[in-house]
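Peer 1: Dumping the structure here so I can ask a few things about it.
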Amino acid sequence: MMKFGHQSIINGFGLIMLISCLQLTAIALRSEPPKALLTSQEIRDDLQFLQQQLVEHSSFAAIAPQRLALISERAQRLAELSALPVKRTDFAMQLHKVLAPLDDIASDISDVDSAAKLPIHLQYNENGWQVLNNDSTPIDNEHPFITHIDGVPIARWIDAWQLFLAPSQQSQPDQQAKLLHHISLLRKEIGIMPSDHVRITLRDLQQHIRQLNVSLQYAAQTALAPLPKSESYFDAVRGQFSLHDLSKLPQNSQLQKALSQSLLTPLTIIDLRNAYGHGDQLLTWLAQHYRDQSLAPSVNATSALYAIARYRRAPNQRSDYLSPLQFIAYDNLSHDEQLQLTRASQQIHTQFDARFSQWHARKWPHSEAKLAIGRAMFSPATLTKPSVTESTLSPYQTYSQPMPQYKPAWPTGLTSATSQLGQLVLLIGPDCRQQCQWIAHFAQQWSSTLLIGKPTRGSFDRYYLITLPNSNIKVSISSSVIYDMFGQRLSGLATYPDILTNIDDFLWRNSIISLIHLHASKDSSE
Numbered sequence: 388m389m390k391f392g393h394q395s396i397i398n399g400f401g402l403i404m405l406i407s408c409l410q411l412t413a414i415a416l417r418s419e420p421p422k423a424l425l426t427s428q429e430i431r432d433d434l435q436f437l438q439q440q441l442v443e444h445s446s447f448a449a450i451a452p453q454r455l456a457l458i459s460e461r462a463q464r465l466a467e468l469s470a471l472p473v474k475r476t477d478f479a480m481q482l483h484k485v486l487a488p489l490d491d492i493a494s495d496i497s498d499v500d501s502a503a504k505l506p507i508h509l510q511y512n513e514n515g516w517q518v519l520n521n522d523s524t525p526i527d528n529e530h531p532f533i534t535h536i537d538g539v540p541i542a543r544w545i546d547a548w549q550l551f552l553a554p555s556q557q558s559q560p561d562q563q564a565k566l567l568h569h570i571s572l573l574r575k576e577i578g579i580m581p582s583d584h585v586r587i588t589l590r591d592l593q594q595h596i597r598q599l600n601v602s603l604q605y606a607a608q609t610a611l612a613p614l615p616k617s618e619s620y621f622d623a624v625r626g627q628f629s630l631h632d633l634s635k636l637p638q639n640s641q642l643q644k645a646l647s648q649s650l651l652t653p654l655t656i657i658d659l660r661n662a663y664g665h666g667d668q669l670l671t672w673l674a675q676h677y678r679d680q681s682l683a684p685s686v687n688a689t690s691a692l693y694a695i696a697r698y699r700r701a702p703n704q705r706s707d708y709l710s711p712l713q714f715i716a717y718d719n720l721s722h723d724e725q726l727q728l729t730r731a732s733q734q735i736h737t738q739f740d741a742r743f744s745q746w747h748a749r750k751w752p753h754s755e756a757k758l759a760i761g762r763a764m765f766s767p768a769t770l771t772k773p774s775v776t777e778s779t780l781s782p783y784q785t786y787s788q789p790m791p792q793y794k795p796a797w798p799t800g801l802t803s804a805t806s807q808l809g810q811l812v813l814l815i816g817p818d819c820r821q822q823c824q825w826i827a828h829f830a831q832q833w834s835s836t837l838l839i840g841k842p843t844r845g846s847f848d849r850y851y852l853i854t855l856p857n858s859n860i861k862v863s864i865s866s867s868v869i870y871d872m873f874g875q876r877l878s879g880l881a882t883y884p885d886i887l888t889n890i891d892d893f894l895w896r897n898s899i900i901s902l903i904h905l906h907a908s909k910d911s912s913e
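Per the working numbering, the sequence shown runs over residues 388 to 913.
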């Protein structure tokens, strides 16, 4: 006869608990696909939950409470229009319109899709909206510009687009054109019946018109923005690099060696259009080599602060919430640094409620790097001021030269009068975020550096991810807010390239040089 002792009973209970935990884990991991259709009540619940989360976690909603009123108004209107079941993907697109007044351009919404998309792209120039195929070639060389879609003037479509865009994005043609792909949703906005085709009216410069019927594309697309690539590429001989995860830069000794070798080439090209990560090694290295040495400030303090930030506190957040962004809490700064931070924060007129954290500061990590800011220490907003007096600056900084102006275009020969090194080209775009955004922000003012591509999104901040309970749609919002040392807000402030191009594919070296030559010739003729 088997006897059960004390240890046997404990082991038995342990085994039962282990089996139960495994079963619960299996149930939890057995996720069901999201609902294709949402009822009006489910939409109301999701909208109410979203507004509650914005109040709790959105830094933009907290610093501008009037935006919440506009969001609530749009949410109420959407709930009233959703009497019948609504497609989940349509609801995701409508959330763009609900959240547009928040003006948090660095946020994102998952599962934005539409049943049908246009197989064309629009690109704006001084003559109007040009119509391109998917391979970026004109759909009609003789009639390159569009005037009507489905018989409706293009201006009416633009008005419909604007409702889905944040105010700071409404003047960006690239963002406007992106929304046209969701033609089935925009047709609902305008009141046009669905169809498998769309009629477009084209014109030439002499106003001669031609009409085309274009078939819509039916293809799955689960996210508005593409996922970032993970692998970096570099060609040391040609001095051309394509970087992604900047946090991995210290682990790649070959890449570091190739970057150093590129200093000997006439032109170094670094593609940062899909760059992310929090490693600051690349920023420090670029600043040391490409900043304007003659305009570097004389810093007498033990460190140089160049940005300050706060975040929305929550019960599940640690006090070092901003440390991944390399911000240090006020209490952990030196006395001199605290004085610098206090002076900077006093220039900010934003009202912060009690839910915001204490101030944090970002500074150069090494004493040798603190001079690397150079003239790029000034934000674009600060550069527009007519002059800078000593009372505007930190008491620990003195400038022997007047405030720098924007850099001139490079001459055709690709030479720079302010640097003994070759020139630097950075390719940027809306997916340049985190540390990449800092690089673009500073490099914009280096005279030996040109930025080529599309505007960034001002993605400096940490984000909070909201998952709506019924639709399972994920909404990311900024949970922090960052300022420069002159009290100018950086969060959501896009960095604009010197040379704007809509090319998203790989750019060969000769193509980049051609863009630089064209840019220099345009500037010299003006």
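Heads up, the beta-carbon is just placed ideally off N, CA and C, and yes, glycines get one too.
Bridge partners of I853, per DSSP?
Peer 2: V862.
Peer 1: Taking 9 Å as the threshold (C-beta atoms), are Y677 and T836 in contact?
Peer 2: A contact, by the Cβ cut-off of 9 Å.
Peer 1: In terms of residues, what are the limits of the alpha helix (DSSP H) holding S446?
Peer 2: Note, S446: alpha helix (DSSP H), S446 to I450.
Peer 1: Could you spell out where the alpha helix (DSSP H) holding K644 opens and where it closes?
Peer 2: Taken as a continuous stretch (DSSP letters only), the alpha helix (DSSP H) holding K644 covers S640 to S649.
Peer 1: Tell me whether L669 is buried or exposed, calling it buried when 16 or more other Cβ atoms sit within 10 Å of its Cβ.
Peer 2: L669 should be labelled buried.
Peer 1: If you draw a straight line from the alpha carbon of S558 to that of Q549, how long is it in whole angstroms?
Peer 2: Each residue's alpha carbon lies about 9 Å from the other.
Peer 1: Going straight from the alpha carbon of H508 to that of Q563, what length do you get?
Peer 2: Spanning the two alpha carbons is a distance of roughly 11 Å.
Peer 1: Nearest to T888 by CA position, among P842, A907 and Q439, is which residue?
Peer 2: The shortest C-alpha separation from T888 is found at P842.
Peer 1: Compare the C-alpha of R586 against each of D546, V539, Q604 and P884 and name the closest.
Peer 2: R586 has its Cα closest to that of V539, out of D546, V539, Q604 and P884.
Peer 1: For F847, count neighbouring Cβ atoms within 10 angstroms of its own Cβ and tell me buried if that reaches 16, exposed if not.
Peer 2: Classification of F847: buried, given that the 10 Å Cβ count is 16 or more.
Peer 1: Taking the Cβ atom as the reference point for each residue, do L603 and I570 lie within a distance shorter than 9 Å?
Peer 2: In this structure, I570 lies closer than 9 Å to L603 by Cβ.
Peer 1: Identify which residue in F436, T655 and Q428 has its Cα closest to the Cα of P856.
Peer 2: P856 has its Cα closest to that of F436, out of F436, T655 and Q428.
Peer 1: The beta strand (DSSP E) that contains V812, what's its start and end?
Peer 2: Note, V812: beta strand (DSSP E), Q810 to I815.
Peer 1: Note down, in chain order, each residue of its chain lying with its Cβ closer than 7 Å to the Cβ of L728, except the 5 sequence neighbours on either side.
Peer 2: Closer than 7 Å at Cβ, skipping near neighbours: L692, I695, Y717, L720, W746 and A748.
Peer 1: Nearest CA to the CA of L902: which residue from G578, L814 and N661?
Peer 2: For the residues G578, L814 and N661, the minimum Cα distance to L902 belongs to L814.
Peer 1: Would you tell me roughly how many angstroms separate the C-alpha atoms of L573 and H722, rounded to the nearest one?
Peer 2: Each residue's Cα considered, the two are about 56 Å apart.
Peer 1: Roughly how many angstroms lie between the CA atoms of Y851 and H736, to the nearest whole one?
Peer 2: Using only the alpha carbons, I get a separation of about 25 Å.
Peer 1: So which of S582, L589, S863 and L654 has the shortest CA-CA distance to I492?
Peer 2: Per the Cα distances, S863.
Peer 1: With H, G and I counted as helix, E and B as strand and the rest as coil, what does DSSP make of W895?
Peer 2: Reduced to three states, the DSSP call for W895 is coil.
Peer 1: Measuring alpha carbon to alpha carbon, tell me which residue in P554, S445 and L402 is nearest R742.
Peer 2: That would be S445, whose Cα lies nearest to the Cα of R742.
Peer 1: Got a sec, what are the start and stop residues for the alpha helix (DSSP H) H483 sits in?
Peer 2: Unbroken alpha helix (DSSP H) run through H483: R475 to L486.
Peer 1: Under 7 Å Cβ to Cβ from E529, same chain only, skipping five residues before and after it: list those, please.
Peer 2: Result list for E529: D591, in chain order.
Peer 1: First and last residue of the beta strand (DSSP E) that includes H508?
Peer 2: Unbroken beta strand (DSSP E) run through H508: H508 to N512.
Peer 1: Is the segment 481-497 in contact with the segment 864-877, if contact means three or more CB pairs nearer than 8 Å?
Peer 2: Yes, they touch.
Peer 1: Could you give the DSSP three-state label for H828: helix, strand or coil?
Peer 2: DSSP places H828 in helix when its eight states are reduced to three.
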